[in-house]
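A.B. asks: Handing you a structure now.
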Amino acid sequence: MVTYSVTVATGTTSYSGTNNYIYITLIGEKGESEKTKLDKWLQNDLERGSVDEYEVKSPRDLGSIRWLRLEKVRFLVEDDWFCRYAMVRTPSGETLHFPCYRWLSEDDVIHMREGPAKRPTDDKSPAFLTHRMKELDERQKLYRWKLWKPGVTKCIDAESEDNLHPDVKFDEYRRSDFEHALHVALGELFLKKFVNLFGSSWDSLKSFQRIFWRVKNNIGNYVMKHWKEDWFFGYQFKNGCNPCIIEKCSKIPENFPVTNDMVCKSLGGSTLEEQIQKGNIYIVDFKVLDGVPANVIKGVQQYVAAPICLLYQDPKNRLLPIAIQLLTPHTRYTLEINTRARNDLLGKNGVIIRVVASGGRGMDVIAQKAFEMFSYSALCLPDNLKQRGLEGLKDYYYQEDGLQLWFAINKYVKGIAGLYYKTDQEVCEDSELQAWIQDLLQEGFQELPGFGMPEAFHTREELYKFLTMVIFTCSAQHAALNNGQYDWCCWIPNSPCTMRQPPLTSKDDISVEQLMETLPDMSQSSVQMAFTWHLGRKLPNKILLGCFDEEYFTEEGAKKVIAEFREELKDIEKRIEKRNEGLPLGYEYLKPSNIENSVSI
0 MVTYSVTVAT GTTSYSGTNN YIYITLIGEK GESEKTKLDK WLQNDLERGS
50 VDEYEVKSPR DLGSIRWLRL EKVRFLVEDD WFCRYAMVRT PSGETLHFPC
100 YRWLSEDDVI HMREGPAKRP TDDKSPAFLT HRMKELDERQ KLYRWKLWKP
150 GVTKCIDAES EDNLHPDVKF DEYRRSDFEH ALHVALGELF LKKFVNLFGS
200 SWDSLKSFQR IFWRVKNNIG NYVMKHWKED WFFGYQFKNG CNPCIIEKCS
250 KIPENFPVTN DMVCKSLGGS TLEEQIQKGN IYIVDFKVLD GVPANVIKGV
300 QQYVAAPICL LYQDPKNRLL PIAIQLLTPH TRYTLEINTR ARNDLLGKNG
350 VIIRVVASGG RGMDVIAQKA FEMFSYSALC LPDNLKQRGL EGLKDYYYQE
400 DGLQLWFAIN KYVKGIAGLY YKTDQEVCED SELQAWIQDL LQEGFQELPG
450 FGMPEAFHTR EELYKFLTMV IFTCSAQHAA LNNGQYDWCC WIPNSPCTMR
500 QPPLTSKDDI SVEQLMETLP DMSQSSVQMA FTWHLGRKLP NKILLGCFDE
550 EYFTEEGAKK VIAEFREELK DIEKRIEKRN EGLPLGYEYL KPSNIENSVS
600 I
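The following block contains the structure:
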């Protein structure tokens, strides 16, 4: 009889432990071990956060261990279990690592492979190939595409977060925090008494302070003091809550209402055409809003880019193991937060209908127009900046910090993926990798023939760029667009969520009553403050860019690359802090210490 020592680690979040029966079997090239129940006499096994050690016996030496099989059997009541990892110490003293980080529900059976990532061509054994195909088939049945609405990208096939697999759902702590946060916002900000005053206008601009007076937000207070100043209005389009809609002006737009006479003094006596020739004029690109009613346009800019953060998810999980290990930390909770957004924000009874003039149907039109204009280059920061003519734009901190992060992520991706793909040919020959990119094009972007994403990966550089884009979009780009919502929107007149009347076209003969009837009413203002705080607040137990609480890579080479990535992020943090010391209003959104690894809010 041969004895193997097995260490099993249970998750650290609430309800990760179990009182159900858990069995383990070692499967090697020469056979299987005994099926062993993970249960020690007079011990609470598999409790939350526990790391338990067991002996597993086999009638013979198993040779190379191929898999661990974990089986959960219900005892009295259903009790899910979250397994972090297992380690096996063989009789020869070798230690093998088996990452898991999955939930076992009902009478689940899962097979765990040893840590080092494998390409399809690395699995020569028929047993490995069969197991690989079976795992892919199970994932494809579990994660399916669904058309949410005509004219926009598809999404995960789930009516609500309850339909999602436990592996991609919020843990109990995050779920409780999320569901109670909005109620906390309404209570803590003393908004409850205003929420039910739908249609009641404010008396004056000063009266907005009745819901603002408890705001302890440095940027919010700065906004309140300077929001009427022209320089600050322009500054927000570069470094506010949506820095992605400004572009260099190459010609005066048709029907442009500003004449040379109006701006002659501001331009030092030159004309608009002369300043355009010098490359000194930038415009806010609202082409996506063509045909949208005028009273919808003002205030909608913070929502125009939102679909970007909802696009890149591959519900089928048709990823080669290397990409799974690389990208999984950057998709943590994303499927659930997107599902909640479709229901709670954009659904029939969502926040958008309550507070935004477009309502649900108008937002659908905006999303469809944005999707029609969408492109792969828009997601790749260097390409996007060049396309918009913004290279070298002064005081554009989103660009300055974003490029540092893009190239740091790209270096990290090259370091990890380069361990497994030594040549372009190896990329071309990876069938799972090619199936993944084709699936995205055929399912996610089938209505965008000119989207510009590669139809196949022909080179390592194409793969590196794509993986960089996914990680950047799910981390830094989301931070730049999401984290400042409350900062810039808590003072309602600065960034109103809606305009109840068409925007005013003249500064002459405007009464206070007209202005107040145009700006959001008391109820809309209160809800705007509450949900922008809810969406933009700093989250508890968030995992920052470069930090991984789940160790998918066990190889020393990969660990070295991760350590170097963390050091580079620290250097970026220091450079941003030093730059911000000399600014009246520092740009904080792309500091690595403010960037979460994934889209989880």
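Residue 144 in numbering that gives the first Met the number 0 sits at position 145 of the sequence shown, with consecutive numbering throughout. Even glycine gets a Cβ: it sits at the ideal position worked out from N, Cα and C. Quick caveat, the model's predicted, so the values are computed rather than measured.
Answer yes or no: do residue 439 and residue 240 have a C-beta to C-beta separation smaller than 8 Å?
C.D. replies: Cβ distance not < 8 Å, so residue 439 and residue 240 don't count as in contact.
A.B. asks: Please state whether the Cβ-Cβ distance between residue 525 and residue 193 is less than 8 Å.
C.D. replies: For residue 525 and residue 193, yes; Cβs fall inside 8 Å.
A.B. asks: Across which residues does DSSP place residue 524 in a beta bridge pair?
C.D. replies: BP columns for residue 524 are empty, so no partner.
A.B. asks: Sort 279, 7, 155 by Cα distance to residue 50 and report the nearest one.
C.D. replies: That would be 7, whose Cα lies nearest to the Cα of residue 50.
A.B. asks: With the cut-off set at 8 Å, would you say residue 29 and residue 78 are in Cβ contact?
C.D. replies: Cβ distance not < 8 Å, so residue 29 and residue 78 don't count as in contact.
A.B. asks: In the structure shown, what three-state DSSP assignment does residue 554 receive?
C.D. replies: Reduced to three states, the DSSP call for residue 554 is coil.
A.B. asks: Measure the CB-CB distance between residue 523 and residue 497 and report whether it falls below 8 Å.
C.D. replies: In this structure, residue 497 lies closer than 8 Å to residue 523 by Cβ.
A.B. asks: Measuring straight from C-alpha to C-alpha, what distance separates residue 588 and residue 356?
C.D. replies: Each residue's alpha carbon lies about 28 Å from the other.
A.B. asks: For residue 172, count neighbouring C-beta atoms within 10 Å of its own C-beta (all shown protein chains included) and say buried if the count is 16 or more, exposed if not.
C.D. replies: Classification for residue 172: exposed.
A.B. asks: Let me know if residue 106 comes out buried or exposed under the rule of 16 or more other beta-carbons within 10 Å of its beta-carbon.
C.D. replies: Flag for residue 106 reads exposed.
A.B. asks: How would you call residue 160, buried or exposed, if buried means at least 16 neighbouring beta carbons within 10 angstroms?
C.D. replies: That one is buried.
A.B. asks: Which of helix, strand or coil does DSSP assign to residue 468?
C.D. replies: It is helical.
A.B. asks: Using DSSP bridges, identify the partner residues of residue 117.
C.D. replies: Answer is none; residue 117 lacks a bridge partner.
A.B. asks: Could you please give the first and the last residue of the uninterrupted alpha helix (DSSP H) stretch that includes residue 96?
C.D. replies: Taken as a continuous stretch (DSSP letters only), residue 96 belongs to no alpha helix (DSSP H), being part of the beta strand (DSSP E) at 94-103.
A.B. asks: Which value, in whole angstroms, describes the spacing of the CA atoms of residue 42 and residue 374?
C.D. replies: Whole-angstrom Cα-Cα distance: 57 Å.
A.B. asks: Take residue 381 and list the residues in its own chain whose beta-carbon comes closer than 8 Å to its own, dropping the five residues that flank it on each side.
C.D. replies: Hits under 8 Å: 402, 405.
A.B. asks: How far does the beta strand (DSSP E) with residue 498 in it extend, from its first residue to its last?
C.D. replies: Element bounds for residue 498: n/a, residue is neither H nor E.
A.B. asks: Distance, Cα to Cα, residue 503 vs residue 336?
C.D. replies: Their backbone Cα atoms lie some 37 Å apart in a straight line.
A.B. asks: The alpha helix (DSSP H) that contains residue 258, what's its start and end?
C.D. replies: No alpha helix (DSSP H) holds residue 258; DSSP gives it neither H nor E.
A.B. asks: Just the Cα atoms here: how many angstroms apart are residue 562 and residue 170?
C.D. replies: Cα-Cα distance, rounded: 27 Å.
A.B. asks: Write down the C-beta distance between residue 3 and residue 76 rounded to the nearest angstrom, noting that I regard them as a contact closer than 8 Å.
C.D. replies: Incorrect: roughly 31 Å between the Cβ atoms, too far for contact.
A.B. asks: Who are the Cβ neighbours of residue 48 in its own chain at under 6 Å, not counting the five residues just before and after it?
C.D. replies: Contacts found: 11.
A.B. asks: If you measure between the beta carbons of residue 329 and residue 167, is that distance less than 8 Å?
C.D. replies: In this structure, residue 167 does not lie closer than 8 Å to residue 329 by Cβ.
A.B. asks: So, helix, strand or coil for residue 51, using DSSP?
C.D. replies: Strand.
A.B. asks: Name the two residues that bound the continuous alpha helix (DSSP H) containing residue 339.
C.D. replies: That run of the alpha helix (DSSP H) goes 333-339.
A.B. asks: For the putative contact between residue 20 and residue 87, defined by C-beta atoms under 8 Å, what is the C-beta separation to the nearest angstrom?
C.D. replies: Going by Cβ atoms, the distance from residue 20 to residue 87 rounds to 20 Å, so no, they are not a contact pair.
A.B. asks: Comparing C-alpha positions only, which one of 487, 471, 452 sits nearest to residue 596?
C.D. replies: That would be 471, whose Cα lies nearest to the Cα of residue 596.
A.B. asks: With a 10 Å radius around its C-beta and 16 neighbouring C-beta atoms as the bar for buried, classify residue 493 as buried or exposed.
C.D. replies: Its Cβ being crowded by 16 or more others within 10 Å, residue 493 is buried.
A.B. asks: If I'm right that residue 467 touches residue 409 with Cβ under 8 Å, what's the distance once you round it to whole angstroms?
C.D. replies: With 8 Å as the limit, residue 467 and residue 409 qualify as a contact, their Cβ atoms being about 4 Å apart.
A.B. asks: Kindly indicate the opening and closing residues of the alpha helix (DSSP H) around residue 273.
C.D. replies: Element bounds for residue 273: 271-276.
A.B. asks: Tell me whether residue 17 is buried or exposed, calling it buried when 16 or more other Cβ atoms sit within 10 Å of its Cβ.
C.D. replies: The residue in question, residue 17, is buried, as its Cβ has 16 or more Cβ neighbours within 10 Å.
A.B. asks: Do residue 114 and residue 62 have their C-beta atoms within less than 8 Å of each other?
C.D. replies: Cβ atoms of residue 114 and residue 62: not closer than 8 Å.
A.B. asks: Measure how close the beta-carbons of residue 74 and residue 102 come, nearest whole angstrom, since I'm counting them as under 8 Å.
C.D. replies: At roughly 17 Å, the Cβ-Cβ gap does not stay under 8 Å, so residue 74 and residue 102 are not in contact.
A.B. asks: Could you tell me how far apart the beta carbons of residue 90 and residue 1 are, in whole angstroms, since I believe they sit closer than 8 Å?
C.D. replies: Correct: roughly 6 Å between the Cβ atoms.
A.B. asks: Can you tell me whether residue 199 is buried or exposed, with buried defined as 16 or more other CB within 10 angstroms of its CB?
C.D. replies: Exposed is the call here.
A.B. asks: Could you round the C-beta distance between residue 400 and residue 280 to whole angstroms and report it? I think they count as a contact, below 8 Å.
C.D. replies: Actually they do not touch by this definition, with Cβ atoms about 24 Å apart.
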